[in-house]
DNA sequence: CGGCGGGTTGATCACTGTCAAGACCGGTGG
DNA sequence: CCACCGGTCTTGACAGTGATCAACCCGCCG
């Protein structure tokens, strides 16, 4: 690491309590700061890493949003996940050594880069960091299983409703009952993620609006009736 | 732990090389054996753990097969995953402390139970076990993302084809090109897992057979034309 | 001004969920 | 040995949903 520029150290980061540094005693925090490239900037469409290359880094989203997508041999892309502030990207590629998907910024964003190797060394040294890693992985697994459940819902409006519920839970982890919801991604990305056509996404939105559960202006959603939305998400024939 | 009966220790287990004990030096293997309840027997339909109770254990499938399912507030069940020999059940519930799903045997099976707590202590003690945990979690994440991709496929025959491909990859990890495939689960479970109706599963099977990619006798599948099957799995309009 | 990408709305048709009936298989009891 | 029964699986008919193609609106930018 010749002349790495550290734009900010982790001790002053607002995410530190929820991020990997929380696995290390504050007195040793400098050890962590040494292996991180903080606050790398990305514009919309910038690529964090490409599918099928050597997997070497984790990325923590500081501000903005990213998507991951998998491209099959026919060139069809499927958006596999969205990552918001505090989320960690690249966990699934750690075992194989090769990136299983591409990651792309969907907003102007900041992300911190952490190399696998030195992180593993720190993990071996600090048991509390090992505990945190397990916790993070466990939560990541739970999240993807939520997504899986969402995808197994039959009707399109129900699927969209479930997606909105899950998304709002993730964005409002701190203040859960907040009802405003900014959908960072395009309809195209949502459609790909949910496995339905773009037009169907639009139509499903209008159905949710007509039912009085949400309002919408562009990409800004407001959840009016959360229980109603949950009911729609679980009603098999809506 | 008063009078726990150890029916077999891990050093003699055929799975040991792929299982958690591989994270510990052979000389310390007895430490592992002490925290495992090996070879617990389950009949078809037996419950490993229920959804929404205190999460306390991991289970390693030794022989047989299990499913996990999530039941929503309306009583609808969704089969979230299948677990075969060598797979680990319960990873996603570690962080929250509460089981996120139920796990049920779909065949007469053997499984080994490992409590979180003493496992975490061992992990803190043996860095190689910590590495293995990360690797296992990473692979589990990759697997669920595969499943997610499978669910985002539009047409039912394509979805089934993709499921068969993924399933055969998992069962034949050792001898990859093996083409025989025993589907342990009922059509009902497959349908729930894939998010389609039971009848559609049947119809999709006949389509795959008609296309000459597979043959089928009951729950035994033989893959004749693997590349053809892959082509169907990725063709958007089949 | 015109082109372009993102988003919505409309019309049509294929696909799949649903309901119903029948085939198959294993187990039980006469 | 056979009849009966339950569950699992398959096949058929029909209706509803969503994918597709097309047109249109809107904001942005050259």
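Protein chains in written order, with this note's numbering: chain P, 1 to 238; chain H, 1 to 238. For every residue, glycine included, the Cβ atom is placed at its ideal position computed from N, Cα and C. Owing to the predicted nature of the structure, the values given are computational and were not obtained by experimental measurement.
For residue 20 of chain H, the nearest beta carbon of chain P is not closer than 8 Å to its own beta carbon. The region 7-88 of chain P is shown to contain whole beta strand (DSSP E) runs of 3 or more residues at 36-42, 47-49, 57-63, 66-71, 77-83, in chain order.
The shortest CA-to-CA distance from residue 156 of chain H to any of H:227, H:214, H:208, H:70 is the one to H:208. With respect to the C-alpha of residue 102 of chain P, the residue from P:121, P:127, P:108, P:71 having the closest C-alpha is P:71. Between the region 218-229 of chain P and the region 194-201 of chain P there are fewer than three C-beta pairs closer than 8 Å, too few to call the two in contact. In terms of CA proximity to residue 167 of chain P, P:83 leads the group P:83, P:44, P:78, P:216. Excluding five sequence positions before and after residue 212 of chain H, the CB atoms of its chain that fall closer than 8 Å to its own CB belong to 224, 225, 228, given in chain order.
Among the residues facing chain P, residue 32 of chain H is not included, as its CB has no counterpart in that chain under 8 Å away.
Inter-segment contact for the region 142-161 of chain H and the region 86-101 of chain P is present: three or more beta-carbon pairs are separated by less than 8 Å. If you draw a straight line from the Cα of residue 20 of chain P to the Cα of residue 206 of chain H, it comes to about 50 Å. For a Cβ distance threshold of 7 Å, residue set 134 of chain P lies close to residue 133 of chain H, ordered along the chain. Contacts between residue 122 of chain H and chain P, judged by CB atoms closer than 8 Å, are missing: the closest CB pair is about 11 Å apart. Listed in chain order, the non-local C-beta contacts of residue 170 of chain H below 7 Å within the same chain comprise 84, local neighbours out to five positions each way being set aside.
A Cβ-Cβ separation of about 16 Å leaves residue 55 of chain P out of contact with residue 81 of chain P under the 8 Å criterion. In the structure shown, the three-state DSSP call for residue 182 of chain P is strand.
The Cβ neighbour count for residue 36 of chain P, taken over all protein chains shown within 10 Å, is at least 16; the residue is labelled buried. Residue pairing by DSSP places residue 111 of chain P opposite P:40, P:61 in a beta bridge. Closest in C-alpha terms to residue 99 of chain H, from the list H:58, H:202, H:9, comes H:58. When DSSP states are grouped into helix, strand and coil, residue 215 of chain P belongs to the strand group. Restricting attention to H:33, H:231, H:230, H:234, the CA atom closest to the CA of residue 112 of chain H is found in H:33.
Look at residue 128 of chain P here: in three-state DSSP terms it is helix. Under the Cβ criterion (8 Å, minimum of three pairs), the region 107-122 of chain H counts as touching the region 61-68 of chain H.
The beta carbon of residue 23 of chain P sits closer than 6 Å to the beta carbons of 128, 129, 132 from its chain, once the five residues preceding and following it are set aside; these are given in chain order. Around residue 152 of chain H, the beta-carbon contacts reaching into chain P at under 7 Å are 78, 151, 195. By the C-beta density criterion, residue 68 of chain H is buried, having at least 16 other C-beta atoms within 10 angstroms. For residue 43 of chain P, the closest C-alpha among the options P:105, P:12, P:135 is that of P:105.
Around the CB of residue 152 of chain H, 16 or more other CB atoms lie within 10 Å, so the residue is classed as buried. If the five residues before and after residue 126 of chain P are omitted, its C-beta is found closer than 8 Å to the C-beta atoms of 23, 24, 25, 28, all from its own chain and listed in chain order.
Cβ contact annotation for residue 9 of chain H (same chain, cutoff 6 Å, sequence separation greater than five): 33, in chain order.
Judged by DSSP in its simplified three-state form, residue 165 of chain H adopts helix. Counting other Cβ atoms within 10 Å of its Cβ, residue 180 of chain P stays below 16 and is therefore classed as exposed.
Secondary structure of residue 209 of chain P (DSSP, three-state): helix.
Excluding the 5 residues flanking it on each side, residue 11 of chain P has same chain C-beta neighbours closer than 6 Å at 29, in chain order. Residue 191 of chain P: member of the alpha helix (DSSP H) spanning 187-194, first to last residue. Between residue 188 of chain P and residue 114 of chain H, the alpha-carbon positions lie close to 44 Å from each other.
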